[in-house]
Amino acid sequence: MSPIAVIDFETTGISPGQGARATEVAIVLLEGGRVVDRFQSLMNAGVHVPHFITQLTGITNAMVAAAPPAERVMADAARFVGDLPMVAHNAAFDRKFWQAELARAEVQAAQPFACTVLLSRRLYPHAPNHKLGSLVDFHRLPRFGQAHRALADAEMAAALLAHMQHDLRQRWRVACPEHTLLMALQRCAKPAVAALLARHAEPATA
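So in the UniProt record's numbering, the last one in the sequence shown is 206, and the numbering has no gaps at all.
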């Protein structure tokens with residue numbers, strides 16, 4: 001399967017439209033169900049990290065002050081990703097920060113984003129909930145590092161994506177669950193999921 005870039009941001013708030021900025025970014029490259037490369041960096045966007053964010057993430061104002069400028073980090077991140085399609089857990093959040101921070105760095109970004117939250121709702125409707133940590137535990141996947149740090153969360157999202165691709169191949173007989181199928185699946189109405197996957201399934205052998 002073609003490589004996919006799985007991304008996670010830590011930020012000062014919930015929306016760049018409300019003035020929030022990124023404090024850390026991590027990207028994991030997944031190919032054929034295996035992690036083949038990683039990128040991670042704190043970044044200094046020149047903003048204050050609220051106390052509750054430090055409590056949640058462990059990222060302090062001193063750590064951010066010592067980090068490279070956000071524009072340089074984002075330019076490096078964009079080169080790392082290239083033109084690969086992207087995935088995030090709750091992609092609406094990470095996509096907004098990816099686009100906003102790249103725009104500040106004067107870097108173009110047009111990658112499609114698939115969302116493991118939306119995908120898990122379609123593939124695993126019986127899961128207790130669709131939070132990243134809950135899904136990792138539900139599927140007995142490994143946890144990586146400290147939760148609410150970008151690399152740990154990107155690693156877990158990549159492990160969840162690899163598990164989804166494995167299930168698509170094994171349970172639904174989808175030979176090649178590429179990013180384009182993930183995009184179609186996350187947009188698919190829940191009652192139509194079985195029919196969509198059946199159209200992409202290999203014929204049953206005798």
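All C-beta atoms, glycine included, are put in the ideal place defined by N, C-alpha and C.
**Request:** Report the rounded CA-to-CA distance for A45 versus R149, giving the unit in angstroms.
**Result:** Taking the sequence shown and counting its residues from 1, one reaches residue 45 at position 45. Taking the sequence shown and counting its residues from 1, one reaches residue 149 at position 149. For A45 and R149, the gap between their C-alpha atoms comes out near 17 Å.
**Item:** Whether W172 touches A201 by CB criterion (8 Å)
**Value:** Working through the sequence shown from its first residue, we reach residue 172 at position 172. Working through the sequence shown from its first residue, we reach residue 201 at position 201. It is a contact, given that the beta carbons lie within the stated cut-off.
**Message:** Closest to H163 by C-alpha separation, out of L151, T180 and L132, would be which residue?
**Reply:** Position 163 of the sequence shown, counting from 1, holds the residue named residue 163. If we check each option's Cα against that of H163, L132 comes out closest.
**Message:** Here's a check: name, in chain order, each residue in its chain whose Cβ is nearer than 6 Å to the Cβ of D153, leaving out the five neighbours to either side.
**Reply:** Along the sequence shown, one-based indexing puts residue 153 at 153. Excluding residues within five positions, the ones whose Cβ falls inside 6 Å are D8.
**Message:** Could you pull the DSSP bridge partners for Q40 from this structure?
**Reply:** By one-based count along the sequence shown, residue 40 stands at place 40. The partner list for Q40 (beta bridge, DSSP) reads A26.
**Message:** I'd like to know if the segment 66 to 75 and the segment 178 to 195 are in contact, where contact means that at least 3 CB-CB pairs between them fall below 8 Å.
**Reply:** Touching, no, given that fewer than three Cβ pairs across the two stretches are closer than 8 Å.
**Item:** the segment 57 to 65 / the segment 32 to 41 touching (three or more Cβ pairs under 8 Å)
**Value:** They do not touch, by the three-pair rule.
**Request:** Rounded to whole angstroms, what's the CA-CA distance from R104 to A110? Just pull it up for me.
**Result:** Translated into positions along the sequence shown, residue 104 becomes position 104. Translated into positions along the sequence shown, residue 110 becomes position 110. R104 and A110 have their alpha carbons spaced roughly 15 Å apart.
**Asked** Does the beta-carbon of P142 have 16 or more other beta-carbons within 10 angstroms, so that it is buried, or is it exposed?
**Response** Stepping through the sequence shown from its first residue, residue 142 is reached at position 142. Under this definition P142 is an exposed residue.
**Item:** Residues bridged to F113 [DSSP beta-bridge criterion]
**Value:** Walking along the sequence shown from the start, residue 113 turns up at place 113. Beta-bridge pairing links F113 to M86.
**Prompt:** Roughly how many whole angstroms lie between the Cα atoms of S15 and P203?
**Reply:** Stepping through the sequence shown from its first residue, residue 15 is reached at position 15. Stepping through the sequence shown from its first residue, residue 203 is reached at position 203. S15 and P203: Cα-Cα distance of roughly 45 Å.
**Request:** Measure the alpha-carbon distance for L151 versus S41 and round it to whole angstroms.
**Result:** Position 151 of the sequence shown holds residue 151. Position 41 of the sequence shown holds residue 41. About 9 Å.
**Separation of L118 from T12, as counted between CA atoms** = By one-based count along the sequence shown, residue 12 stands at place 12. By one-based count along the sequence shown, residue 118 stands at place 118. Going by the C-alpha atoms only, they are around 24 Å apart.
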